[in-house]
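Report on the following structure.
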Amino acid sequence: MRRRHVVTAVLVLLLAAGAWVGWTLLQVKSDLADAATAAAGLQDSLEAGDQEAAQQRLAEVRDAAADARDRTDGPTFAVLGVVPVLGDDADGVATVSRVLDDLAGDGLTPLVTATEELDAGSFTPRDGRVPVQQVAELQTPLASASAAFAAAGEGLAGLRTSGYVDPLRTPVEDLRRQVDRGARVLRSAETAAAVLPSMLGADGSRRYLLLFQNNAEVRATGGLPGALAELRTEDGRLALGRQATAGSFGFRREPILPLTEAEVALFDVKLGQYFADANFTPDFPRTAELAAAWWRERFGTQVDGVLSVDPIALSYLLEATGPVEVGGRTITSANAREEILNRPYLELTPEAQDVFFAEVARTVFRAVTDGAGDPRQTLAALARGAEERRLLVHSFIATEQQRIDGTAVSGALVDETPEQPQIGVYLDDGTGSKMSYYLEYDVRVEAEWCSDGVQQFVGRMDIASVAPADAATLPPSITGGGASGTTPGEQLVTATLYAPRNGQIGELEIDGQPLEGPAPVEHEGRPAQIAVFALSPGESETLTWKVRTGPDQPGAARLDVTPPSQPGTESGRIASACG
């Protein structure tokens with residue numbers, strides 16, 4: 080009889096414990112849902128410039144995150160971590176609660192402080208001058224927010240979501256992606272606040288070479304650097320100086336700078352013979368060296384750095400500044416792609432095209448530096464351009480470049496992040512035309528397996544010409560007129576695929592047929608393989624391949640892809656197969 084009472088008591092205790100666990104999990108779920116809702120409201124308030132609402136939403140995020148942490152931080156909840164089936168999920172909930180609580184206090188709070196300064200208008204350029212002191216004062220809050228997001232990313236990276244139940248796995252993985260993206264953006268913003276004052280001439284005048292990449296003729300870093308200008312800065316004041324075109328630099332029998340064997344094997348000696356081909360390489364720091372050497376030889380001026388932007392990034396800026404008038408045309412965010420990348424080649428002579436592109440550059444530059452539009456929208460446009468690899472920066476000042484290295488704007492082929500594999504897909508036009516306006520491609524890479532810190536990934540690229548059926552009748556300034564040996568209306572595109580450092584690449588197939596071609600070439604420690612596509616109007620092909628990392632690269636991979644001529648990006652983060 081006594082034994083029965085004991086059993087009954089134990090059962091009652093277990094039922095009570097189960098009820099408590101269920102109640103606690105429901106409460107935590109509610110807390111995390113409230114935090115997510117308040118965080119979305121916080122973002123909306125910041126974008127709308129409503130600081131009072133932003134402070135209220137921030138308080139709600141902090142309260143909900145703190146409640147979730149309190150419910151999961153005690154020893155009783157910790158016991159669930161060792162319970163079969165529930166253990167992984169309980170650990171995940173506790174980690175997410177802790178990360179969000181830390182992020183709300185250490186990351187979101189300084190971020191809201193920084194946006195308050197922006198709303199005060201203290202960073203808005205006026206009459207071509209950026210207030211460098213106010214930019215410098217952003218360093219502290221941005222550094223705090225950046226560090227908090229980086230710490231949150233590290234905390235979430237250790238979660239093995241493969242064992243979670245579906246209702247938990249999806250939101251945790253979504254949160255991880257959002258935090259990773261926030262960490263990247265904030266790291267770039269922190270770097271900008273640190274280096275912009277000196278780059279803007281706070282310590283003395285500077286000269287930069289500004290490249291305008293034309294995505295209608297695709298190059299590894301974006302597009303043909305057809306138009307360029309000298310940018311001068313002093314005490315925050317910006318002014319465009321001499322402007323030139325890539326074609327005006329002509330041909331050089333000997334490369335402008337010595338080329339490596341790998342560069343010649345992958346990109347041909349033309350990489351150094353023509354200014355327009357200086358970004359056949361996907362390594363923007365190398366492009367910057369070549370472009371600066373061309374400029375120095377022709378004009379006798381040593382620049383302090385090289386900057387690059389493309390028309391799609393300019394369209395993002397036009398969302399902030401509003402439309403601009405150029406050559407009797409109204410260029411808006413919605414029509415900038417067509418008006419800059421296609422219509423001039425249909426209607427203008429080559430000489431008039433050069434004049435038009437120079438005027439576009441001057442007009443958009445003037446709108447931004449005169450403070451047109453909302454400064455928050457301008458910064459958002461710059462951040463989007465940077466994240467999509469459409470805004471690139473290289474400084475020849477060593478201390479500045481050290482801060483830029485590893486950020487979205489560096490455009491470097493090799494990132495020194497030890498555990499993160501890098502996979503690259505870079506396109507170059509071989510037609511000598513502006514047919515890339517009609518080029519579309521979709522790149523997907525997934526992890527297959529992980530073993531002892533080595534991962535294997537499988538990649539797929541669908542590439543297509545969406546040119547009209549009568550593309551052969553388009554003007555030679557678009558088709559190339561067959562000057563490079565390609566039939567007018569067709570496109571010849573080279574894709575250079577990169578594996579991670581010390582890795583491997585192979586098993587290339589186009590439409591299921593093994594690709595016969597040269598062996599992989601090691602470039603800056605990364606194996607690279609070339610695939611060539613000849614596309615008629617309306618034709619598409621599918622390329623598949625496999626890459627393997629070097630040792631000790633178990634982290635989520637970074638995929639870098641040449642920015643397309645359409646808004647958006649194919650670059651991104653690839654989940655690790657190592658958990």
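For what it's worth, the working numbering labels the leading residue of the sequence shown as 80, then goes sequentially.
Heads up, the beta-carbon is just placed ideally off N, CA and C, and yes, glycines get one too.
Residue i and residue j closer than 8 Å at C-beta
i      : j      : result
Val258 : Leu235 : yes
Gly503 : Asp383 : no
Val140 : Ala183 : yes
Gln499 : Ala635 : yes
Arg637 : Gln583 : no
Trp373 : Thr380 : no
Gly464 : Tyr395 : yes
Leu420 : Thr300 : no
Ala610 : Ala574 : yes
Ala268 : Val214 : no
Leu687 : Ala144 : Residue 687 is absent from the structure shown; the chain starts at 80 and stops at 658.
Arg580 : Gly629 : yes
Gly186 : Leu238 : no
Ala578 : Arg539 : no
Thr542 : Leu594 : Rather than Thr, the amino acid found at residue 542 in this sequence is Ile. Not a contact, by the Cβ cut-off of 8 Å.
Leu336 : Val348 : no
Ala613 : Leu576 : no
Asp110 : Arg150 : yes
Ile391 : Pro616 : no
Asp433 : Thr565 : no
Start and end residues, alpha helix (DSSP H) containing residue i
i      : result
Pro555 : 555–558
Leu420 : 415–420
Tyr395 : 390–400
Asp541 : Counting along the chain, Asp541 falls outside any alpha helix (DSSP H), though it belongs to the beta strand (DSSP E) covering 533–544.
Leu221 : 218–236
Thr151 : 130–151
Thr483 : Looking at the sequence shown, residue 483 is not Thr but Ile. First-last of the alpha helix (DSSP H) with Ile483: 477–483.
Gln432 : 429–448
Leu461 : 454–466
Beta strand (DSSP E) segment containing residue i, residue limits
i      : result
Pro630 : It is not in any beta strand (DSSP E) - Pro630 carries neither H nor E in the DSSP assignment.
Leu303 : 301–313
Pro606 : 605–614
Glu527 : 518–530
Asp508 : 501–508
Trp295 : Trp is not the amino acid found at residue 295; the sequence shown has Ala there. From DSSP, the beta strand (DSSP E) with Ala295 extends over 285–298.
Val493 : Here Val493 belongs to no beta strand (DSSP E), and DSSP marks it neither H nor E.
Glu368 : First-last for Glu368: 363–378, but that is the alpha helix (DSSP H), not the beta strand (DSSP E).
Classification of residue i by the beta-carbon crowding that lies within 10 angstroms, buried from 16 upward
i      : result
Val401 : The sequence shown places Gly at residue 401, not Val. Under this definition Gly401 is an exposed residue.
Asp253 : exposed
Ala477 : exposed
Pro547 : exposed
Ser277 : buried
Leu425 : exposed
Arg208 : buried
Pro163 : The predicted position of Pro163 is uncertain, since its pLDDT is 44 and thus under 50; a value taken from the coordinates is nonetheless stated next. It counts as exposed.
Pro643 : buried
Trp528 : exposed
Thr428 : exposed
Ser176 : buried
Ser655 : buried
Gln218 : buried
Tyr517 : buried
Pro497 : exposed
Leu597 : Residue identity check: residue 597 is Pro in the sequence provided, not Leu. When all chains shown are included, Pro597 counts as exposed.
Pro189 : buried
Val274 : buried
Per DSSP, the bridge partner or partners of residue i
i      : result
Leu347 : Just to set this straight, residue 347 is Asp in the shown sequence, not Leu. Answer by DSSP bridge pairing: none, since Asp347 is not bridged.
Pro593 : Glu588
Pro570 : Position check: residue 570 holds Gln in this sequence, whereas Pro was assumed. Gln570 is bridged to Leu614.
Leu265 : Answer by DSSP bridge pairing: none, since Leu265 is not bridged.
Arg331 : Arg331 is not bridged to any residue.
Arg205 : Arg208
Tyr353 : Phe330
Nearest to residue i (by Cα), restricted to the options the options
i      : options                        : result
Leu397 : Thr457, Ala119, Arg365, Arg377 : Thr457
Ala229 : Gln218, Val211, Val251, Arg255 : Arg255
Val403 : Pro334, Ala440, Ser124, Gln322 : Ala440
Ser223 : Pro210, Asp181, Gln213, Val209 : Asp181
Thr192 : Val178, Ser176, Leu221, Arg205 : Leu221
Glu340 : Glu603, Asp590, Asp282         : Glu603
Pro59  : Thr194, Asp110, Gln134, Asp152 : Residue 59 falls outside the range modelled here, since the chain spans only 80 to 658, and no answer is possible.
Ala462 : Gln645, Thr558, Asp149, Ala487 : Ala487
Val385 : Phe378, Ala367, Leu345, Arg136 : Ala367
Phe328 : Tyr353, Arg316, Val533, Pro210 : Tyr353
Phe291 : Asp347, Phe436, Asp531         : Phe436
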